[in-house]
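Trainee: For the record, the sequence lines run as chains A and B. Under this note's numbering, think of the first position of the first sequence as 8, with each following residue one higher. Under this note's numbering, think of the first position of the second sequence as -11, with each following residue one higher. No residue lacks a Cβ here, since even glycine has one placed at the ideal position from N, Cα and C.
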Amino acid sequence: MQGTVELGGKSFLLRVEDAGELAGCAPGQFAMLRGEWDGDPILPRAMSVMRVRAGGGADFLMKEVGRGTRLFRDMRAGDRVTILGPLGHPFPAPDAARRDVLVAGGVGLAPLLMQAERAAAAGLADHVTLVHGGRTGEDLVLQDDLRATGVALRLATEDGSAGTRGRVTAALGGILDGATLMACGPTPMLRALHALALERGLPCHLALEETMACGIRACLGCAVPAREKPYLYVCTDGPVFEAREVWP
Amino acid sequence: MALSVTVDLTAFALGRAWKTPVLAASGTFGYGQEYEGLTDLSALGGIVTKGLSPRPRAGNPLARICETPSGMLNSIGLENVGVEGFLRGKLPFLRALGTRVVVNFFGERFEEYAECAALLDGHEGIDALEMNVSCPNIKAGGMEYGTDPETLRRLVASCRRATRLPLIVKLTPNVTDIVAIARAAVDGGADGLAVINTVSGMAIDARARRPKLATIFGGLSGPAVKPIAQRMVYQVARARLGVPIFGMGGIRTGEDAAEFLLAGATLVQVGTWNFVDPDATARVARELAAFLAEVGCARPADLVGKLELDESLLPHTPGGP
Chain A
8 MQGTVELGGK
18 SFLLRVEDAG
28 ELAGCAPGQF
38 AMLRGEWDGD
48 PILPRAMSVM
58 RVRAGGGADF
68 LMKEVGRGTR
78 LFRDMRAGDR
88 VTILGPLGHP
98 FPAPDAARRD
108 VLVAGGVGLA
118 PLLMQAERAA
128 AAGLADHVTL
138 VHGGRTGEDL
148 VLQDDLRATG
158 VALRLATEDG
168 SAGTRGRVTA
178 ALGGILDGAT
188 LMACGPTPML
198 RALHALALER
208 GLPCHLALEE
218 TMACGIRACL
228 GCAVPAREKP
238 YLYVCTDGPV
248 FEAREVWP
Chain B
-11 MALSVTVDLT
-1 AFALGRAWKT
9 PVLAASGTFG
19 YGQEYEGLTD
29 LSALGGIVTK
39 GLSPRPRAGN
49 PLARICETPS
59 GMLNSIGLEN
69 VGVEGFLRGK
79 LPFLRALGTR
89 VVVNFFGERF
99 EEYAECAALL
109 DGHEGIDALE
119 MNVSCPNIKA
129 GGMEYGTDPE
139 TLRRLVASCR
149 RATRLPLIVK
159 LTPNVTDIVA
169 IARAAVDGGA
179 DGLAVINTVS
189 GMAIDARARR
199 PKLATIFGGL
209 SGPAVKPIAQ
219 RMVYQVARAR
229 LGVPIFGMGG
239 IRTGEDAAEF
249 LLAGATLVQV
259 GTWNFVDPDA
269 TARVARELAA
279 FLAEVGCARP
289 ADLVGKLELD
299 ESLLPHTPGG
309 P
């Protein structure tokens, strides 16, 4: 790996030099990552790919929340990371026939920044609004990268230190009619958007997170209650689901 | 001068030759196909399938897994495709690999064990059955079938009558006397013993004041349980019950596998580490071959039970501490 980049608060970028097969991945797909530490913690971590760089490198956006992410944050240039991926299904590709509202909570920004960059590269930046929410302004990382995409931006913080005061859903006024929602972030935020989308009949794609050990549907840990059968799996059926498929 | 040996990893058990003594453990390897392209499936000693019940099961609510120090807890709830789903949808892929297939199975009721064993009998491509006796026995207040010797003996005997396939019984470690349990399984007709299943455990989120798993308790696996597993493999091997032991619990390297052989296992299974490294089962076999070469052993059997120790030092041994 190349090293980490601190982004303020406990957020950081993990930059890997040779991301192998991730080169062809799409926004929303993820990889199982593990440093080559000898033992504990044993399980790899499922992380959305934030960016694939020209030359074969990739960036992952993380926040230190426990032992695993602390070890990633402490990694240095030259340390090795094992990568299994890309895994799972991505968000729908940008489309001139749609108007997309991307809703990101904290480091859930990762796949949606990639989605915004894809839209910009396709000349569709003016079809996209990205709403980024956090607890405080510290959580609203990578604002320069977001502005560079040219998509419309809205910000929200629970303490009012940046953008609209309140949850990210408070910043959605006036942009939902006829829009397609795509979201990634903490589960309570996704639950709120799920309810909102179903109530208003909006197409909505949610990138879900659930503890998983393997990423390949062997451990069966990442089950999500689903509408048409008891469970779907975040690893292979998701992580991006249509809202009406899950959480009946 | 160092002796050079040519290592042959072939192991012999249950009247069969196994390409290597290292199998992938039940519940950590799906039905095999999940790992296609991530490891050389045809090079494995064998694949033990996800546990099957006569009919499909949906499994437990969330959260189903959580990480613990050097291990993980799971409470998946024995989710599986059912025997018919397996025979039609999963076995054809496994059969084509040329790798030994062991089918793990269980019943939700006493009678369902024999029903499941009978349904799995007579299908080409199944080399052996492995009984999961860690399910709760509702009639006995939810106690695991595998914790009472007489219940276990009768349960194994009912399956023994239901199938012609070699029958491995996977022992639960959640007992006071593993040897009494192992003996009961063999008395019931077990052809082999798998030692051990997961260790019952619990994890707590102090801030939420809640257990981390939806079912409160779960099964602990990974390197954290290796010392428990090795003690139990050694105890069962020392009882000389006349059946081969499949040793497992926290294996992640070839040297770990060698330790289990020394403790008395003829074959081993890699479990949780398949989640960490999809190539783990094959890699452990490669590393075991290198270890055997290093210590001058030509075959895995040359290590089995070759632990050097003074049995008088065992607790509860006349003359011991």
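(1) Residues in its own chain within less than 7 Å of B:A106 by CB, not counting five upstream and five downstream?
(2) In chain A, what lies closer than 7 Å to B:T57 by C-beta?
(3) So, at 8 Å on beta carbons, what are the nonlocal neighbours of A:A69 in its own chain, with the 5 sequence-adjacent residues on each side left out?
(4) Name the DSSP beta bridge partners of B:M60, please?
(5) Determine whether the Cβ of B:P309 lies closer than 8 Å to any Cβ atom of chain A.
(6) Less than 8 Å between the CB atoms is what I'm expecting for A:V23 and A:M8, so what's the real figure, rounded?
(7) Suppose you measure from the CA of A:R58 to the CA of A:G42; what does that come to, to the nearest Å?
(8) By how many angstroms is the C-alpha of A:V12 removed from the C-alpha of B:V187?
(9) Below 9 Å between beta carbons is the criterion; list the residues of the region 217 to 241 of chain A that meet it against any residue of chain B, in chain order.
(10) Can you name the start and end residues of the beta strand (DSSP E) that B:I169 belongs to?
(11) For B:Q257, which residues does DSSP report across the bridge?
(12) Quick one: grab the DSSP three-state call for B:H304.
(13) Suppose contacts are defined by Cβ-Cβ distances below 8 Å. Is B:G59 in contact with B:G207 by that definition?
(14) DSSP on A:V247, reduced to helix/strand/coil?
(15) Taking C-beta pairs closer than 7 Å, name the residues in chain B that A:P51 reaches, listed in chain order.
(16) Could you tell me the alpha carbon to alpha carbon distance between B:R197 and B:A191, rounded to whole angstroms?
(17) In whole angstroms, what separates the C-alpha of B:E118 from that of B:A227?
(18) Would you say B:I53 lies against chain A (beta-carbon separation less than 8 Å)?
(19) Which residues, in order along the region 243 to 262 of chain B, keep a beta-carbon less than 9 Å from a beta-carbon of chain A?
(20) From the DSSP output, which residues share a beta bridge with A:I90?
(21) Does the separation of the CB atoms of B:L143 and B:F98 fall below 8 Å?
(22) Let me confirm a value: A:H134 is counted as buried when at least 16 other C-beta atoms fall within 10 Å, else exposed. Which label applies?
(23) In terms of residue numbering, what span does the beta strand (DSSP E) encompassing B:F93 cover?
(24) Please compile the residues from chain B whose C-beta is within a distance smaller than 8 Å of the C-beta of A:R41.
(25) Let me check understanding here. Comparing Cα to Cα, which of B:A278, B:P288, B:D298, B:A270 lies closest to B:S30?
(26) Report all residues from its chain with a CB closer than 6 Å to the CB of B:T37; omit the five preceding and five following residues, and keep chain order.
(27) Helix, strand or coil, according to DSSP, for A:V158 in the structure here?
Mentor: On the basis of the data shown:
(1) Counting from 1 along the second sequence, the entry for residue 106 of chain B is found at position 118. Correct list, in chain order: A150, T151.
(2) Numbered from 1 along the second sequence, position 69 holds the residue referred to as residue 57 of chain B. Residue 57 of chain B is actually Pro in this sequence, not Thr. Ordered by position in chain A, the residues that pass the 7 Å Cβ test against B:P57 are D47.
(3) Working through the first sequence from its first residue, we reach residue 69 of chain A at position 62. A small fix is needed here, since residue 69 of chain A is Met in this sequence, not Ala. For A:M69, where only same-chain residues beyond five positions count, the Cβ hits under 8 Å are S18, F19, L20, L21, M54, T76, F79, R80, V114.
(4) If you number the second sequence from 1, residue 60 of chain B lands on position 72. In the DSSP output, where bridge partners are listed per residue, B:M60 has B:E55, B:S209.
(5) For the purposes of this step, residue 309 of chain B is taken as residue 321 along the second sequence, with counting starting at 1. With a pLDDT of 48 at B:P309, under the threshold of 50, the predicted position of this residue should be treated as unreliable, though the coordinate-derived value follows. For B:P309, the answer is no, since every Cβ of chain A falls outside 8 Å of its Cβ.
(6) Locating residue 23 of chain A in the first sequence gives position 16, counting from the first residue. Locating residue 8 of chain A in the first sequence gives position 1, counting from the first residue. About 5 Å separates the two Cβ atoms, so the contact holds.
(7) Your numbering for residue 58 of chain A matches position 51 in the first sequence. Your numbering for residue 42 of chain A matches position 35 in the first sequence. One C-alpha to the other measures close to 19 Å.
(8) The residue you call residue 187 of chain B lines up with position 199 of the second sequence. The residue you call residue 12 of chain A lines up with position 5 of the first sequence. Each residue's Cα considered, the two are about 40 Å apart.
(9) E217, T218, M219, A220, C221, G222, I223, R224, A225, C226, L227, G228, C229, A230, V231, P232, K236, P237, Y238
(10) In the second sequence, residue 169 of chain B corresponds to position 181, counting from 1. Run containing B:I169: none in the beta strand (DSSP E); it sits in the alpha helix (DSSP H), 166 to 175.
(11) If you number the second sequence from 1, residue 257 of chain B lands on position 269. Answer is B:L11, B:M236, bridged to B:Q257.
(12) Counted from its first residue, the second sequence places residue 304 of chain B at position 316. Coil.
(13) Mapped onto the second sequence, residue 59 of chain B falls at position 71. Mapped onto the second sequence, residue 207 of chain B falls at position 219. No.
(14) Taking the first sequence and counting its residues from 1, one reaches residue 247 of chain A at position 240. In the structure shown, A:V247 sits in a strand (DSSP, three-state: E or B).
(15) For the purposes of this step, residue 51 of chain A is taken as residue 44 along the first sequence, with counting starting at 1. Neighbours of A:P51 on chain B, chain order: V264.
(16) Stepping through the second sequence from its first residue, residue 197 of chain B is reached at position 209. Stepping through the second sequence from its first residue, residue 191 of chain B is reached at position 203. Computed Cα separation, rounded: 11 Å.
(17) Taking the first residue of the second sequence as position 1, residue 118 of chain B is located at position 130. Taking the first residue of the second sequence as position 1, residue 227 of chain B is located at position 239. If I take the Cα positions, the gap works out to 21 Å.
(18) Indexing the second sequence from 1 puts residue 53 of chain B at position 65. Yes, B:I53 lies at the interface with chain A (some Cβ there is under 8 Å from its Cβ).
(19) T260, W261, N262
(20) The residue given as residue 90 of chain A occupies position 83 in the first sequence. For A:I90, which the question treats as bridged, DSSP gives the partners A:L40.
(21) As a first step, residue 143 of chain B is located in the second sequence; it is residue number 155 there, counting from the start. As a first step, residue 98 of chain B is located in the second sequence; it is residue number 110 there, counting from the start. It is a contact, given that the beta carbons lie within the stated cut-off.
(22) Locating residue 134 of chain A in the first sequence gives position 127, counting from the first residue. Looking at its Cβ environment, which holds 16 or more other Cβ atoms inside 10 Å, A:H134 is buried.
(23) Translated into positions along the second sequence, residue 93 of chain B becomes position 105. Start and end: 89 to 93.
(24) The residue you call residue 41 of chain A lines up with position 34 of the first sequence. Near A:R41 (Cβ distances below 8 Å), the residues of chain B are V264.
(25) Position 42 of the second sequence, counted from the first residue, corresponds to residue 30 of chain B. It is B:A270 whose Cα lies nearest to the Cα of B:S30.
(26) In the second sequence, the residue the question calls residue 37 of chain B occupies position 49. Cβ within range, chain order: Y19, V91, N92.
(27) As a position in the first sequence, residue 158 of chain A is number 151, starting the count at 1. Reduced to three states, the DSSP call for A:V158 is coil.
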